[in-house]
Every structure is written in structure tokens, then in C-alpha cells.
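Chains as they are written, first to last, in the UniProt record's numbering: chain A, 1 to 450; chain B, 1 to 125.
The beta carbon of each residue, even a glycine, is placed where N, CA and C say it ideally should be.
From a predicted model like this one, the values you see are computed outputs, not experimental measurements.
Notes for the one structure printed next.
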């Protein structure tokens, strides 16, 4: 009968092993199970060899109790608890039987029937319990498998999520970089625009230089000539005084006085031109000051004309001015409005110059500047009898970078800057009347009280 | 000798009058002035027959000195005047144009009055 405890022990170890399989367990448990199995088999073999059944009955009882004890002690082996418990009755019956066998030799006759029955029941109980335990274990394993799959799915989802997050992060970084690049490009564009405006100022200054040279040369010639002639006159006056001709001497003195006045006048003229040039080239926008528009327009009209003539000496144009008398002084930034006027004059002369190339000898280029005023507004009109502006581009000419001039000759910023200066800087307006082939008229209105 | 000075700068007039003060006083020379090419032509048409010498600026708004020169040479006046051109730009282009159009002499600004006087003296003799 000693094969029964051996089988129970093997079953127990197997159950424990199966239970252990379902979760991550330390390696020592595998070793333990293998060791136990070997030990059980070893004991069984010894038992067969020695055939000393009584001792081995005791040994098997203790082995089984030890295994049940281990099952109870280890929390991880909780699932086989019920199975382990089912062994207890068999062990108890076996212990009683062994005990009885130890104390009474008549055991066989008196009790063996009861003990055998009890033992049979205990064994049936064990196998039923094992069967149930096995089923439970399988169900649990199934459950575990399901949970494992769910976990795997969750893990996959989590991994995907991380992946997606990384992608989003990557995208965001790319967008951020693009944004930064765009911002950088914008800043660069702004700088370039500022530089272009500055170079437009310099370009118009370059155009001015020839005009300025001419404009300064003339008064300087007068200063030199009048001072030379005055020196001569002083000599003559002394001669007259020696001769005693006081009347003639005083006439000469009057001339000298007049000459000194002229020297002063032309000196101031040159001075004004230099100052105007300095103001024009100044980078920062200047301050508003009360300005005589008639003077300003006259000054820049001449500068523009002589600037153009310096480039094209065969060009001639009539400059006509209709300046309103008693024109009130107006509070403006003179170099800014001067730049606007210079631009309009340059354009006007350019238009007449272009027309002269195709028109007959009878064509007389003419640029007219008129000023007038009302209670609230001051008007400057710049008119030419040049080529005129085709209707389809009239609404484009104030746009930045629009130019009709050949590449490299115009920046296309002149009129757009003029528009900004008049409309944004001075709350005024620019109006254009033009007819192709007949001429153009630019009308600037500036508010008198600002 | 009657001289017509054409220049758009009005201050040229007192300058000539003073520079040639002695000559004017001695009636060696007599000056007339015009402020533009058009005015000069009108003057010549009106009573220009006595004018023997014209001193003209080239750079003038409207009719330039060169235009005036062309007109004068075109008109075949009975006694064609001697024309001297004056310009602020002492450049070859204007010089050649003036010479091609029949200018007799060429002066550059600032005008050297002493050499002008010399020229006038040789011209008279």
C-alpha cells in the first residue's frame, strides 16, 4: 500500500509546480520542486529495496505533513491550499493506523476493516480534491492567460502611445523650429527693409550731389567775384578821393556796401544748401519745425533739376513756380517733406525727359510747382507735361518696389516712402491726376494745424 | 561796343557793371542783359542790330544757351554777332556742342574777368 503516499507526494509536488508556473517565481522554487521530486523517488526506491514498510509508512506521513506545512507557510502556494488540506485526513488515518500497528499486533483483525474504509475514503477525498484543484487551477490559468493578454495589449497600447507622443513631440519641435526660422526671416526682412529705405535716401542724396555742387558753385562764384570787385572798387574809391571827387567816391562806397550785402546773401544761400543737404542725409527722422513751403519747394526744385542735368547735359526744362503769397508757415519735418518734394520733382523731370526722347523739337519740357492754402489745409501741386502715367498702373505707383524705370535705375521706394511721410507722418494726402501722353499732376495736402 | 550778357542769375548784372566800371565810364563798352534765352532773342529781334558780342550762360531753365546759339546761327542776321559761351560745367561735351553750333569762344565759370577783358580788347582791335 506504500505506493499510495508516494503517488500523493508526487501529485502534491506537481500541483505546487503547476501553481508556481502561473506566476513569476524565484528560481529556488524550481530547484526545490526538482529536489523534492528526486527525494521522493529516491525514498520510494529505497523503500522497494528494503521492504521495511512500517518505517516507510511513518516517513511518508512526515513527508506529506512537511509538504502540507510548506503549502500553509508560503503565501504563493495559496491556490493548492485546498488540495493540501485534503491530504490531512489521509495522513491522520495513516498515523492512527501506524500507531495502532505499533501498539497492537492484533490490529489487523480488529480495526483493519474500519481503517481500510477510512483510508479508501481519504484517498477518494484526495483524488476528488486534486481533480477540483486541477480544474480550478486550469480555470485560473485561463484567467491568468486572459489577463496576460490584456496586459500585453495594454502594454502594446502604452508603447504605441509613447511612440505617438514621441512623434507629436518631434512634430512640435519641427514646427517650433520652423516658427523660429520664420521669425528670423521676418526680422531679417525688417532689417533689409530698413536698409533699403536708408539706401533709397542715399540714392536720392547721390542724385542730389551734382545738383548741390552746381547750386553751391553759383553762390560761391558770386561771393568770390563780389569780394574781388569790391577790393578793386576800394582802390578806385581811394583814387577818386585823392582826386577830390567825393561824389564819385561815395557812389563807389554805395556800390561796395551793396556788394557786401550780396556777398552775405550768396554766402547764406550756400549755407542753406549745405544745411539742407545735411538734413536730407540725416538718418533719424528729424523734429517738426515751422517751415516755409515755398522756400523748401524752390530749393528742392533747383536741386532736382541740376541733379538731372548733371547726368544728361542736353536736357533742359522750364521750371515754373506759382507760389502763393503770404503762405503760412507749416509745422512739418522739413527734411521728410523735402524728400517727398525731391522725389516728385525727380519723377516729373524724368517724365518730361522720357517724353523729349520721342516728342518732336516743338516739345518744351515744363515742370510747374504751385502752392495754395485754405483755413485748414496747405496744398502743393507738382505738375509736368511729361509722358503721363497709364491708367492701369496709377493705383500701383504708390506700392513699395513698384517702378517703371529699367532695373537698377529706380528702387521703387520713392513714392511709397513719400506716401508714408505725407499720409502717416503728417496726416496729409497725396492725389494723382494723370493722363498718358499729356502729363501728370501730384497734389499734396497738408493740414495746417496739427 | 555793345555786349549782351545772358544769364538767369540777376546778380550777374551788377557784377559786370562793376567789373567793367572804368570801361563803361570811358564808353569803351556798353552792356545789355537778358535773364533767359527767350528774352535774349526778343532783345535781338527788337533792337539787337548794334549788339556785336553775346556772352551767354549755357545752363538756363527753358531755352538753354546752346538753343540760343542755334537760333542765332540759324537766323542769318545781317551782321552775325560774336558769341562766347559760359558754363559752370567746364566739360568737353558742352564745349564741343558750342563749337559745333558756331560759338566763337568758350568761357568757364567762375569767369576770369581779367582774361575776359583781354579778350574784349583783342576783339575790339
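Using the C-alpha atoms, what's the distance from residue 47/B back to residue 248/A? About 31 Å.
Cα-Cα separation, residue 38/B to residue 61/B: It is roughly 10 Å from the alpha-carbon of residue 38/B to the alpha-carbon of residue 61/B.
Are the CB atoms of residue 133/A and residue 83/A nearer to each other than 7 Å? Taking 7 Å as the Cβ cut-off, residue 133/A and residue 83/A qualify as a contacting pair.
Below 7 Å CB to CB, which residues in the same chain sit around residue 43/B once its five sequence neighbours on both sides are set aside? Taken in chain order, the residues that qualify are 4, 32 and 34.
Unbroken stretches of the alpha helix (DSSP H), 4 residues or longer, contained in the segment 378-437 of chain A: Runs of the alpha helix (DSSP H) inside the segment 378-437 of chain A: 391-394 and 414-419.
Outcome for residue 224/A when other beta-carbon atoms lying within 10 angstroms are tallied against a minimum of 16: Taking a 10 Å sphere around the C-beta of residue 224/A, we find fewer than 16 other C-beta atoms and assign the residue as exposed.
Got a sec: is the Cβ-Cβ distance from residue 294/A to anything in chain B below 7 Å? With 7 Å as the cut-off, residue 294/A does not count as an interface residue toward chain B.
Between the CA atoms of residue 341/A and residue 350/A - distance to the nearest angstrom: C-alpha separation (whole angstroms): 14 Å.
Comparing C-alpha positions only, which one of 72/B, 82/B and 36/B sits nearest to residue 319/A? It is 36/B.
The segment 68-87 of chain A / the segment 11-23 of chain A touching (three or more Cβ pairs under 8 Å): Under the Cβ criterion (8 Å, minimum of three pairs), the segment 68-87 of chain A counts as touching the segment 11-23 of chain A.
Residue 312/A and residue 352/A - do their beta-carbons sit closer together than 7 Å? The answer is no: Cβ separation not under 7 Å.
Check whether the segment 236-250 of chain A touches the segment 432-441 of chain A, taking contact to mean three or more Cβ pairs, one atom from each stretch, closer than 8 Å. Contact fails: fewer than three Cβ-Cβ distances are below 8 Å.
If distances are taken between C-alpha atoms only, which option among 371/A, 368/A, 344/A and 287/A comes closest to residue 398/A? Nearest of 371/A, 368/A, 344/A and 287/A to residue 398/A, Cα basis: 344/A.
What's the gap between the Cα of residue 442/A and the Cα of residue 370/A? The alpha-carbon atoms of residue 442/A and residue 370/A are separated by roughly 11 Å.
If contacts are defined as beta-carbon pairs under 8 Å, then residue 5/A and residue 64/A qualify, I think. What distance do you get, rounded to the angstrom? Indeed, because the Cβ distance is near 6 Å, the residues count as touching under 8 Å.
Is the beta carbon of residue 2/B sitting closer than 7 Å to the one on residue 51/B? Between residue 2/B and residue 51/B, the C-beta spacing is below 7 Å.
State the DSSP-derived secondary structure class of residue 34/B, mapped to helix, strand or coil. In this structure, residue 34/B counts as strand in the three-state DSSP scheme.
Contacting positions in the segment 4-26 of chain B - beta carbon closer than 9 Å to chain A: Per Cβ criterion, the list reads 9, 11, 12, 14, 15, 17, 18, 19, 21 and 22.
Any beta strand (DSSP E) of 3 or more consecutive residues that is wholly inside the segment 152-207 of chain A: The qualifying runs do not exist here; there are none.
Classify residue 236/A as buried or exposed, calling it buried when 16 or more other Cβ atoms lie within 10 Å of its own Cβ. By the neighbour-count rule (16 or more Cβ atoms within 10 Å), residue 236/A is buried.
Taking 6 Å as the cut-off, is the C-beta of residue 315/A nearer than that to any heavy atom in the ligand MN? The ligand MN is not among the ligands present in this structure, which contains no ligands whatsoever.
Contact with chain A by residue 64/B, beta-carbon distance below 7 Å: For residue 64/B, a Cβ of chain A is located within less than 7 Å of the residue's own Cβ.
Quick check on residue 300/A: buried or exposed, where buried means 16 or more other Cβ atoms within 10 Å of its Cβ? Note on residue 300/A: 16 or more other CB atoms within 10 angstroms of its CB, so buried under the neighbour-count rule.
Compare the C-alpha of residue 103/B against each of 94/B, 15/B, 19/B and 22/B and name the closest. The candidate whose alpha carbon is nearest that of residue 103/B is 94/B.
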